[in-house]
Every structure is written in structure tokens, then in C-alpha cells.
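Let me begin by presenting the structure, written as C-alpha cells, before commenting on it.
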Amino acid sequence: MQSGDGDTLRSCFDSLKNAVMGCCYSICHKENDAQENPVNERTHLLEVPEQQQEAPAPAVSATTPPKKPDEQSALNRILHETATNVIDVGALGPYALEPAVYSERVRAYTARLANAPPVPVSPLPRLLQDVSTSERQAVLAKPGILNEDRDLITNAVKRAAAAMSELHVEHHEELVVPFRVP
Amino acid sequence: MVDDLRKYLNHLLEKVNGLHCILITDRDGVPLVRAATDKAPQAALTPNFISTFGMATDQASKLGLGRNKTIISMYSSYQVIQMNKLPLVITFIGSDNCNTGHILSLENQIEPFLKDLATVVAEAP
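Residue numbers (the numbering used here), protein chains in the order written: chain R, 129 to 310; chain D, 171 to 295.
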């Protein structure tokens, strides 16, 4: 910021100097006009009108202060975006908190967790669940499966196995088909 | 709250064969809840080790594939799975032959408790 202010001050000073020199020159020039000596050591090599020569300096000094913050903010924005997007491999090393900060934070967390309301922990869903001893005994004490049901299941399974064994694939076309490659 | 949660995490720990530790910390590795067995390597429980994930997940999110959610690190004897639940970080440490998919599936079972824990971290100085 200080260098920016210094630049602004310097440009203002330059423009003031130009204006003063321009006045002096115009006074001298008027004197010279009387002598009708158009070419001398004070003559400009490039013929630029004085108004045009002087005009840009104040214009620049007038427009520079509003432009600078814009440029500065744009540059800052670009810098920030670049810093955000850069993958900083060097920063990936381990870092540790100060022991005092660490212990203070542990203390704060412990205190806050102690004051927090208890969490309702729902039982996890299970595919198989344990049953109580009485239920287990009741289930085991029940009469077994009836003989008729057992025969029914056995016959059904036998018939299903027989049906599966009779399954055949009948092919009507050649299994290997030559491609029509010349 | 902490005791209930610790019991719950211990219960999860028993369910997965070869899982040694479940750790919920902030991004600097300061622990909030911890459930660990004797087999958990002490070096992996220190804030130095865990805080590396906070940096790594930030940088990995810049690779153009969206936000990084989980980093799985396989070592010769251990595997470390760290989940980005910022401001919280969940760290699972298991043996190298532990079922990684089983560990990842625990995320859904821990997720409901993270909201309360996140407020604890957010409110702390």
C-alpha cells in the first residue's frame, strides 16, 4: 500500500512539474516566436501539441486511484484461487498441536460430552437372533415332524431330482459356425 | 453419552473379525471417542498420525474427482481406513487381512451419532 501511495504521489508530482515546465516553456516560446526561430535545441523532435502532452498525465493520475483497488482485488482473487487449487505436497507432513492446546481441547471435549444428553443406541439389525433359554426349551420340547409330512418332502425332492437328471439339451444346428471370412 | 457410544463402538469392534480400533477425532487428531483392543498399534493412535488425513483429504479433493470421502491405507501388517466427516474424522485400524468392505459398511451404523459429536467439536474453542 505504501509503494502504491508513493507511486500516486510521484505521478502527481511529475504532472505538476510538467505543467510548470510547460508554462515556462510557453513563456519562453512566446519570446522565441518574436525572434521567429522555429528550430533550436528546445524544439520537440516529435511535434505534439502541449495540451495533448499535458492532458494524459492528470488523466492517468485521476483514474489510477479507482483502478488500483480493482486490480489489487483481482490479483488477490487470482492468488487466492491459485493457492486453493494448488496441491501442496510439502504441506502433507505430520503436524502436532501444542501440548497445552491439545490437553485443553481434550478437556473441553470431555466436559461437553459429559454434559451432552445420552444417545439412544438402537439395537443393530441381525439376521439371526438369540432366543432366551425358556423359549429355546419350549421350541426343543415340541413334538417332531409327522411321518406323513416327512414322506411328502422326501418324495417331492426325489421327483425333483429325477426331473433334473432327465433334462437334456438337443441341438438342431451345428454348434461351431464358420465365419464367412474369404 | 460417551459411555454409551464407547459400548456401541466396542460392540461393532467385536462384530468385525480383525478390527482393532475405532477412533472418532477432530481433524487435528484430538480424540472424542475411542474403542480399541490390545492389538491396536499405538503409533497409529497418536494425533501426529491421524492429523495427516485432514491435510491429505483436502489435497485429494483437488484432483478433479470431487470431494474425497475415504482414504484406505494398506500396510504390511495393518490397514487404516479414515473417513472424512469433517469437522470429524473416523479412523478404523485393522489387521491387513481384515475384511475392508465390512469395515466400510460400519459407516452407516456410526453415522447417526456424528451429528451430536460434530456440535461438540464446533462449540469447543
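Beta carbons: idealized from backbone N, C-alpha and C, even for Gly.
query, result
"Identity of the residue in D:Ile220, D:Leu179, D:Ala213 nearest D:Arg197 by Cα", "D:Ile220"
"Chain R contact for D:Ser221 (CB, 9 Å cutoff)", "yes"
"Length of the line joining the Cα atoms of D:Thr222 and R:Pro222", "5 Å"
"Cβ of D:Gln212 within 9 Å of any chain R Cβ", "no"
"Run of the beta strand (DSSP E) containing D:Pro201, from where it starts to where it stops", "201-206"
"D:Lys255 burial status per 10 Å Cβ neighbour count (16 or more: buried)", "buried"
"D:Arg237 versus D:Met253 - alpha carbon distance", "12 Å"
"Buried versus exposed, by CB contacts within 10 Å (16 or more), D:Gly271", "exposed"
"Cβ-based contacts, 9 Å cut-off: residues of the region 175-207 of chain D near chain C", "Going by chain labels, chain C is absent from the structure shown, which instead holds the protein chains R and D."
"Member of D:Gly234, D:Lys239, D:Ala210 whose CA lies at the smallest distance from the CA of D:Gly224", "D:Lys239"
"Nearest-angstrom Cα separation, counted from R:Arg264 out to R:Gln257", "12 Å"
"R:Leu207 and D:Pro217 closer than 9 Å at C-beta", "no"
"Segment contact flag, the region 204-218 of chain R with the region 282-298 of chain R, C-beta cutoff 8 Å, min 3 pairs", "no"
"Sub-9 Å separation of D:Asp214 and D:Thr261 beta-carbons", "One point to set straight first is that residue 214 of chain D is Ala, not Asp, in the sequence displayed. In this structure, D:Thr261 lies closer than 9 Å to D:Ala214 by Cβ."
"R:Thr212 at chain D interface by Cβ criterion, 9 Å", "yes"
"Proximal chain R residues relative to D:Gln229, where beta-carbon distance stays under 7 Å", "Ile215, Asp216, Leu220"
"Per-residue burial, D:Thr195 [other beta carbons within 10 Å of its own, 16 or more giving buried]", "buried"
"Nearest residue (CA-CA) to D:Cys268, options D:Lys177, D:Leu189, D:Leu274, D:Arg176", "D:Leu189"
"Minimum Cβ-Cβ distance from R:Ala290 to chain D less than 9 Å", "no"
"Proximity winner among D:Cys191, D:Asn180, D:Ala230, D:Leu179, relative to D:Ser265 (alpha-carbon distances)", "D:Cys191"
"Contact set between D:Lys232 and chain R, taken where Cβ atoms lie within less than 7 Å", "Asn213, Ile215"
"D:His171 and R:Ala242 closer than 9 Å at C-beta", "Per the sequence presented here, residue 171 of chain D reads as Met, with His not at that position. It is a contact, given that the beta carbons lie within the stated cut-off."
"Test item: CB-CB of D:Leu179 and D:Ala210 under 9 Å", "no"
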